[in-house]
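This report refers to the structure that appears directly beneath it.
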Amino acid sequence: MSRYFTEDHEWVDVDGDIGTVGISEYAQSQLGDIVFVDVPEDGKALSKGDEAAVVESVKAASDVYSPVSGNVLEGNSQLADDPSLVNSDAEGEGWFFKITLSDPSELETLMDETAYEAFVAKL
Amino acid sequence: MLGHKLLSCRFISSSPVRLLDATSWKRTCLYELHKKHSGKLVPFAGYEMPVQYADLSISESSIHTRKHVSIFDVSHMLQTHITGKDRVAFIESLTTADVQGLKPNSGTLSGIKDDLIVTKTDKDFIYMVTNAGCIEKDLPYLQENAAKWRSDGKDVEIKTLDGRGLVAVQGPEAAKVLQPETDIDMSKLTFMTTAIGKVFGIENCRVTRCGYTGEDGVEISVDPNHAATLVQRLLESKNGNVKLAGLGARDALRLEAGLCLYGNDIDETTTPIEAGLTFVVAKRRREAMDFPGAEKIVGQLKNKSWPKKRVGLIAEPGRAPRAHLPLIDPLDKCAIGFVTSGGPSPCLGKNIAIAYVDKSHSKDGTEIVVDFGNKQSKVTVTKMPFIETHYYTGK
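Here is the structure:
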C-alpha cells in the first residue's frame, strides 16, 4: 500500500483500486479543533479536484478536494459522532472517505511522503 | 484544502488586511513574548499577531477565559490623546457620543467611521482606542478635521501613542489577579471607567474596565518597554490561573458575547439603530442632531422604522453559518438577509451567528434557513448575548 499527498494537504492510501482519503497531520494542526466533518455520500462520482467534503473547525470551514477521480465507496461514519478523530488521528482513524479509483495514472501527479514532508517544511 | 482557504478564516478576512510580505508586517511591543510562548503568528490588520498559543486550542482557550483569566495583546489598536480646550466639542462633531455628559474618567462606545471607545479623563485630554483595522481610515480623518478646526481658530490636537502596549486581561479572575499588584482600587473601577496607577510596580499604567469577551476584565495601556514584564508577571500570578490567548479565542468569545466586529457586523452601510446599538447615540445628541448621519439615524428612531435588524442565530448541529452566507425564508425561499459572523461556540457547544435580517423576520424564535449553496440548514433567531455577560458594575 502506498500513500500519496496533494498540495492541498489531502492524503490518499491506495490498496488495489481502492483509495482511502483524509487530510494530513499538518492540515489538522493548522485547522485546530475540528467540530464537524461533512463526508460525501456513497456512490457519488468525483473528479480529481472536486469538492468532496467540508471540514469545520472553530476557526474556519474548509473544503476538502478529492485527490483522485472515482466513485465514493463510503464516508467515515465515525466522524459524525466524533469529528475530533481528525485531530487525534488525521492520517489513520480520522480518514474521510473511500473511493474506487477510475484513473490510477492520476497518482503520478501526487507527492509521496518524502516529497510532501519537504513541501510542508517550506510553508 | 488549506492554502488560501485557511487564510480566509473569519477573523483574518474580516479586517482590511492588505497583502503584505513578511518584512512589512508591523510588530507590537509584545512580539518577542509571543515568539517565546510559541504563539502562532498570522497577519492581522497589518501586524503579525498570535492567533493562538501552543499550549491551548482555540476552544480550550475560550473556555479557559470564561472560567479563569486570559491575556490578549491588543497593542495593534490605535491609542490617541485628544488635547486642547475645544477637544470635547471636536470629538462630538465626529461621533455620536455625549462626551460633555461623561463623568471624568469614564468612557463610552461610539463611532466615527467605525466603533471606538472614547474616555474623558480627569486630565486635559480625551483618551481614545480605535479599531486597528481602521487606523488608515480614522487617523487621517481625525487629523484633517483637527487641522480644519485649528484653521478656524479652535484649540485641538491629536497625539497618537505610537507603539504603546495595550494588554487585555479578561475573565472572572481578572480583578483577583490584579488587585494585590496595583494601587488602583479594583472595587471602585466599574465597567467603562479608567484610572492611572502602578501595576506590578510599573508606573503610569492606564487601566480601563472594558473588554471584548463579555467577561469582567480590563485593558491596560502600558509603556512599551515594560509591556512584556507586565504580561510575564501576570502569567506568574498565584492569584488566578492566567494564560495567554490569541485572536482565535478573542473572536469566538466576542461572538458568544454578541459583540460586533467592525467590517463584519457593522460598517459604514449600517446604522447603530439597525445594529441594535441605539445606546451609542447619546440622547442629548439625538435631540441636537449634530453628528454625521444624524438625519438618517434620528429619522429611523423617530419613525421607529428601519429596514433590517441585527439578530443572533442558533443553528442546527452540522455546518456552521459563516460570514456572507445568505439567509432565506423557509416557505417562499426569498432572500431575507445574510450572516455577518458565525461559527461554532466553544462554550455552548453549538453553532451561533450574528446576522442582518429583514425586520419582518427578526422576532425571537423565528425559523429561517441558511443557504450553503449545495446544502441548507435551519437556524432560529435568538436574543444576544448567547452567553451571560459579567461586566463589573460595582453592585
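Line order of the protein sequences matches chains X and H. 1 is the number of the first residue of the first sequence in my numbering; add one for each residue after it. 1001 is the number of the first residue of the second sequence in my numbering; add one for each residue after it. For each residue, glycine too, the CB sits at the ideal point set by N, CA and C.
| Item | Value |
| --- | --- |
| Chain-ordered chain H contacts of ALA90(X) [CB-CB under 7 angstroms] | The contacting residues do not exist; ALA90(X) stays about 12 angstroms from chain H at best. |
| Residues in the segment 34 to 47 of chain X having any Cβ partner in chain H nearer than 7 angstroms | VAL35, PHE36 and ASP38 |
| Neighbourhood of SER1397(H) by C-beta, 8 angstroms cutoff - its chain only, sequence neighbours within 5 removed | Outside the shown range of chain H (1001 to 1395) lies residue 1397(H), about which nothing can therefore be said. |
| Close Cβ partners of LEU1102(H) (< 6 angstroms) along its chain, the five nearest in sequence each way excluded | LYS1120 |
| Amino acids of chain H, ordered along the chain, whose beta-carbon sits closer than 7 angstroms to that of ALA117(X) | In the sequence under discussion, the amino acid at residue 117(X) is Glu, which differs from the Ala named in the question. Those within 7 angstroms of GLU117(X) in chain H number zero; the least Cβ separation is about 16 angstroms. |
| For LEU31(X) and SER57(X), believed in contact at Cβ under 8 angstroms, the rounded distance | 4 angstroms |
| Minimum Cβ-Cβ distance from GLU32(X) to chain H less than 9 angstroms | Here residue 32(X) turns out to be Gly, not Glu, going by the sequence shown. Cβ-Cβ to chain H under 9 angstroms: yes for GLY32(X). |
| Nearest-angstrom Cβ-Cβ length linking ALA1315(H) and ILE1352(H), presumed shorter than 8 angstroms | 7 angstroms |
| Sheet register partners of CYS1205(H) (DSSP bridge) | GLY1197(H) |
| Residue nearest to LYS59(X) in terms of C-alpha spacing, selected from LEU1235(H), VAL1339(H), LEU1234(H) and GLY1246(H) | GLY1246(H) |
| Opening and closing residue of the beta strand (DSSP E) in which ASN1351(H) lies | 1350 to 1358 |
| Listed by chain order, chain H residues near VAL124(X) by CB distance under 8 angstroms | What the structure shows of chain X is the stretch from 1 to 123, and residue 124(X) is not part of that stretch, so it cannot be assessed. |
| Helix, strand or coil at ALA52(X) according to DSSP, with G and I counted as helix | strand |
| Segments assigned alpha helix (DSSP H), at least 4 residues, entirely inside the segment 13 to 80 of chain X | 25 to 31 |
| Presumed contact (8 angstroms Cβ cut-off) between VAL1129(H) and ILE1117(H), rounded CB distance | 5 angstroms |
| Any chain X beta carbon closer than 9 angstroms to SER1062(H) | yes |
| Closest residue to GLY1171(H) among CYS1210(H), ALA1146(H) and TRP1149(H) (Cα-Cα distance) | CYS1210(H) |
| Span separating the alpha-carbon of LYS1395(H) from that of ILE1126(H) | 27 angstroms |
| Any chain X beta carbon closer than 9 angstroms to VAL1051(H) | yes |
| Status (buried if at least 16 other CB within 10 Å, exposed otherwise) for GLU1256(H) | buried |
| Residues, ordered as in the chain, of the segment 1322 to 1348 of chain H that lie near chain X by beta-carbon distance below 7 angstroms | ARG1322, GLY1343, PRO1344 and PRO1346 |
| Beta bridge counterpart(s) of TRP1149(H) as assigned by DSSP | Answer by DSSP bridge pairing: none, since TRP1149(H) is not bridged. |
| For GLY1312(H): DSSP bridge partner residues | ILE1354(H) and THR1382(H) |
| Neighbour flag for LYS1375(H) against chain X, beta carbons, 9 angstroms | yes |
| Chain X contact for ALA1245(H) (CB, 9 angstroms cutoff) | no |
| Chain X contact for ALA1252(H) (CB, 9 angstroms cutoff) | yes |
| Contacts around GLY1165(H), its chain only, beta-carbon distance under 6 angstroms, and the 5 residues preceding and following it disregarded | CYS1029, SER1075, VAL1222, PRO1224 and ALA1227 |
| Span of the alpha helix (DSSP H), counted from its first residue to its last, around THR1393(H) | THR1393(H) -> no alpha helix (DSSP H), and no H or E assigned at all. |
| LEU1056(H) versus PHE5(X): straight-line alpha-carbon distance, rounded | 28 angstroms |
| Classification of ASN1303(H) by the beta-carbon crowding that lies within 10 angstroms, buried from 16 upward | exposed |
| Buried versus exposed, by CB contacts within 10 Å (16 or more), GLU91(X) | buried |
| Through-space distance from ASP15(X) to VAL1242(H), alpha-carbon basis | 49 angstroms |
| Any chain X beta carbon closer than 9 angstroms to ASN1264(H) | no |
| Terminal residues of the beta strand (DSSP E) in which ILE1336(H) lies | 1335 to 1345 |
| GLY1312(H) vs ILE1266(H) beta-carbon contact at 9 angstroms | no |
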